[in-house]
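Plus 4 on top of the position in the sequence shown (first one is 1) and you've got my numbering.
A virtual CB, placed ideally from N, CA and C, is assigned to each residue, including glycine.
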Amino acid sequence: MLPPALSDEQTVPFDDRGLAYGDGLFETVLLRAGKPVLWRYHTDRLAKGCQCLNIPLPFQATLDATWQGDCTAELEVLKLILTRGSGGRGYAQPDEVTPRLLSRRTPFQPSIQRWQQGVTVRLCNLRLSRQPRLAGIKHLNRLENVLARQEWSDTAIAEGLLADSEGRVIEATSMNIFWLQAGQVFTPFVDQCGVAGTLRAGLIDQGVVALGALSLDCLAEVERLWVANSVQGVWPVTTLLAADGSLLQRWAVSESDPFQRLAHQLLGFV
């Protein structure tokens, strides 16, 4: 049986493989009145990640225990970190794997202003490397995202957009990307790199979003652009900047945004 989740006050041993190698996974879950939103999508993605990395998946009851109990606010964020645990010599895993599950809950308030007024985003110089075996899952090695986020410090810029080594737009540093073209909302394939977000998965399952490819050269030509995730909701993009700060495109914020409304219904924001 896997050990129960550690609280954030407990220390992680020096030989924990998540700390040493990024050998693990994480999930960031919106809690509403103490209940997880899109929980099935989060646990499904965690299960896929465990299968990919060959880490035993915690029992469902163990995962559920991380959000059960008294809630501290109407909205909270639950962060789960699952590592392979301790041990092993070098990169070789130990003969007996004992995964370590950590969890933390914190109060949360979304940025309603960004929902309503939209945001400015920029292109990042960093290019995502392609590794199909890790594509889609939320593994602990996020160094590409960390480096990309270091590219700007202007608080007026809400997000940075990342393309892969082939010049295809994949995601933002911590959000998925969506665009409108010819009456259809699309989101990029993440079969080579990138994270398959849970809000993205829910919208695909509902038939609201289709999968598509978008090159950097065509990005400024889309009719509408959004960045979104299962915690922050949907931010309409109003201004797109190049990596050097030059203006590439502007879009007006629509008083009626059906895509945002449908996505926020899934999150309980409307």
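- Ala51 is positioned such that its CB atom lies closer than 7 Å to that of Leu61.
- One thing to note: Trp183 has its Cβ no nearer than 7 Å to the Cβ of Val213.
- Judged by DSSP in its simplified three-state form, Gly164 adopts strand.
- Taking the Cβ atoms as the reference, Thr202 lies roughly 13 Å from Ser178, outside the contact range of under 8 Å.
- Residue environment: Tyr95 is assigned as exposed (fewer than 16 neighbouring CB atoms within 10 Å of its CB, all protein chains considered).
- Distances from the alpha-carbon of Leu82 to those of Arg254, Asp48, Arg88, Val33 put Val33 closest.
- Taking the C-beta atoms as reference points, Ala246 is found nearer than 7 Å to Leu127.
- In this structure, the alpha-carbon of Val231 lies about 42 Å from that of Asp99.
- By alpha-carbon distance to Ala176, the top candidate from Ala186, Glu155, Leu271, Ser115 is Glu155.
- A Cβ-Cβ contact shorter than 7 Å links Pro103 with Gly89.
- For Ala51, the uninterrupted alpha helix (DSSP H) run begins and ends at 43-57, by DSSP.
- For secondary structure counted as the beta strand (DSSP E) over 3 or more consecutive residues, the segment 188-233 holds these complete runs in sequence order: 188-192, 213-216, 228-233.
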